[in-house]
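Here is the structure we will look at.
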Amino acid sequence: FFSVSFCFPNKMDEDESGFSDYDSQDEEEEEEEIPWITWFCSLKGNEFFCEVDEEYIQDEFNLTGLATMVPFYEYALDMILDLESPGEEEMTDEQQQMVESAAETLYGLIHARFILTNRGMKLMEEKYKNVAFGRCPRVMCSGHSVLPVGQSDVMREASVKIFCAKCDDIYYPRSSRHKSLDGAFWGTTFPHLFFMTFPDLTVPKSKYTYVPKIYGFKVHKTAVTNKNEEDKDQKLIGAAPIPGTHAAAMNTTQAVSSLPVQSQRMADSS
Numbered sequence: 008f009f010s011v012s013f014c015f016p017n018k019m020d021e022d023e024s025g026f027s028d029y030d031s032q033d034e035e036e037e038e039e040e041i042p043w044i045t046w047f048c049s050l051k052g053n054e055f056f057c058e059v060d061e062e063y064i065q066d067e068f069n070l071t072g073l074a075t076m077v078p079f080y081e082y083a084l085d086m087i088l089d090l091e092s093p094g095e096e097e098m099t100d101e102q103q104q105m106v107e108s109a110a111e112t113l114y115g116l117i118h119a120r121f122i123l124t125n126r127g128m129k130l131m132e133e134k135y136k137n138v139a140f141g142r143c144p145r146v147m148c149s150g151h152s153v154l155p156v157g158q159s160d161v162m163r164e165a166s167v168k169i170f171c172a173k174c175d176d177i178y179y180p181r182s183s184r185h186k187s188l189d190g191a192f193w194g195t196t197f198p199h200l201f202f203m204t205f206p207d208l209t210v211p212k213s214k215y216t217y218v219p220k221i222y223g224f225k226v227h228k229t230a231v232t233n234k235n236e237e238d239k240d241q242k243l244i245g246a247a248p249i250p251g252t253h254a255a256a257m258n259t260t261q262a263v264s265s266l267p268v269q270s271q272r273m274a275d276s277s
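Just so we're aligned, residue 8 is where the sequence shown starts under the working numbering, counting upward by one.
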């Protein structure tokens, strides 16, 4: 006979205060703060952004020239990297809001540079394949996936648009939240460099265009033009007097006005 003994651990190892180790572990997990970059990219309306690597941001060479473009630059940079800034506790609520706004602007400008790197391109490729940027609103493109693009590399000149490689055109994003994003945070280069980097993602250009029809017949291109010209001619004819009509009317008036005089003369002679 064999005797086997089992040792079962206690369900909870409570300390003197009555709290279990599991409870303290949960509290520690709750106290763990989400990195600012992860938090920012997870906000509704920020789906077009990818998470920039902290190593890229920590390299001062990658941030060349940005210090003069963003107010509270040092504070904004520390906020992005989750670092404590000296004198941060002495800031007023208004100043704190200005730093938060500056951090969002600074991250956008860094993002525009990061997505042009190999690492950034790879992250955007994953989002593109998952249709994170939406689909082309053009019917003939059959819902082809799009990429964000800016119409200018300068801030506050144009909001972000979406670019479709199938029709080679840009459109406004569907969500109103995306329409408020600055196009400079993606720039004018990104989508075109993207397809050069990933040529396997290129697609044939759309050959289909919408054809207007009336009762099943194609509308000729000159139909509307000719109709407009006819309308203009009719207006000109109605506004301009017929040649010679004014002189004829004057002669008729003079002839009618002279009739009573001639009749009086004939009566006197009789």
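Think of the CB as a built atom: it goes at the ideal place given N, C-alpha and C, for glycine as much as any other residue.
* Asked: Distance, Cα to Cα, tyrosine 215 vs serine 149?
  -> On the sequence shown, position 208 is the one that residue 215 refers to. On the sequence shown, position 142 is the one that residue 149 refers to. Approximately 11 Å between the Cα atoms of the pair.
* Answer yes or no: do alanine 165 and glycine 190 have a C-beta to C-beta separation smaller than 7 Å? => Position 158 of the sequence shown holds residue 165. Position 183 of the sequence shown holds residue 190. For alanine 165 and glycine 190, yes; Cβs fall inside 7 Å.
* Could you name the residues of the same chain whose beta carbon sits closer than 6 Å to that of proline 219, not counting the 5 residues immediately before and after it, in chain order? => Translated into the one-based positions of the sequence shown, residue 219 becomes position 212. Closer than 6 Å at the Cβ level, and outside the excluded window around proline 219, lie Val226.
* Do the CB positions of alanine 74 and valine 106 come within less than 7 Å of each other? -> For the purposes of this step, residue 74 is identified with residue 67 of the sequence shown, where counting begins at 1. For the purposes of this step, residue 106 is identified with residue 99 of the sequence shown, where counting begins at 1. Not closer than 7 Å, so no.
* Taking buried to mean at least 16 other C-beta atoms within 10 Å of its own C-beta, is alanine 109 buried or exposed? -> Looking up residue 109 in the sequence shown gives position 102. Buried, since its Cβ has 16 or more Cβ neighbours within 10 Å.
* To do: Enumerate in chain order the residues of its own chain whose CB-to-CB distance from proline 155 is below 7 Å, with the five nearest sequence positions on each side excluded.
  => To locate residue 155, count along the sequence shown from 1; it is residue 148. Excluding sequence neighbours, proline 155 sits near Phe55, Phe140, Val167, Ile169 and Trp193.
* Please name the residue in Trp43, Asn69 and Gly223 whose C-alpha comes closest to that of threonine 124. => The residue you call residue 124 lines up with position 117 of the sequence shown. It is Asn69 whose Cα lies nearest to the Cα of threonine 124.
* Run of the beta strand (DSSP E) containing leucine 154, from where it starts to where it stops -> Here residue 154 corresponds to residue number 147 of the sequence shown, with the count starting at 1. Element bounds for leucine 154: 154 to 156.
* Asked: Do you know how far the Cα of proline 211 is from the Cα of valine 153?
  -> Position 146 of the sequence shown, counted from the first residue, corresponds to residue 153. Position 204 of the sequence shown, counted from the first residue, corresponds to residue 211. Spanning the two alpha carbons is a distance of roughly 14 Å.
* For proline 180, is the classification buried or exposed, using 16 other Cβ atoms within 10 angstroms of its Cβ as the cut-off for buried? -> As a first step, residue 180 must be located in the sequence shown, where it is residue number 173. Proline 180 should be labelled buried.
* Alpha carbon to alpha carbon, what distance is there between glutamate 96 and aspartate 60? -> The sequence position of residue 60 within the sequence shown is 53, counting from 1. The sequence position of residue 96 within the sequence shown is 89, counting from 1. Near 27 Å, if we compare the C-alpha coordinates of glutamate 96 and aspartate 60.
* Rounded to a whole number of angstroms, what is the C-alpha to C-alpha distance between isoleucine 87 and tryptophan 43? -> For this step, residue 87 is matched to residue 80 along the sequence shown. For this step, residue 43 is matched to residue 36 along the sequence shown. Rounded to whole angstroms, isoleucine 87 to tryptophan 43 spans 6 Å at the Cα level.
* **Separation of lysine 51 from tyrosine 80, as counted between CA atoms** => Your numbering for residue 80 matches position 73 in the sequence shown. Your numbering for residue 51 matches position 44 in the sequence shown. Cα to Cα, the separation comes out at about 25 Å.
* Asked: Just curious, the beta strand (DSSP E) that aspartate 176 is in, first and last residue?
  -> Along the sequence shown, one-based indexing puts residue 176 at 169. It spans 176 to 178 - the beta strand (DSSP E) in which aspartate 176 sits, taken as one unbroken run.
* Quick one: using the 10 Å Cβ neighbour count with 16 as the cut-off for buried, is leucine 200 buried or exposed? => Counting from one through the sequence shown, the residue named residue 200 turns up at place 193. Leucine 200 comes out exposed.
* **Identity of the residues DSSP links to cysteine 171 by a beta bridge** => Here residue 171 corresponds to residue number 164 of the sequence shown, with the count starting at 1. Looking at the DSSP assignment, cysteine 171 forms a beta bridge with Asp176.
* To do: Identify, in the order they occur along the chain, each residue of the same chain with its Cβ nearer than 6 Å to the Cβ of cysteine 174, setting aside the five sequence neighbours on each side.
  => Position 167 of the sequence shown holds residue 174. If we look at cysteine 174 and ignore the five residues flanking it on each side, its Cβ neighbours are Arg145, Cys148 and Ser213.
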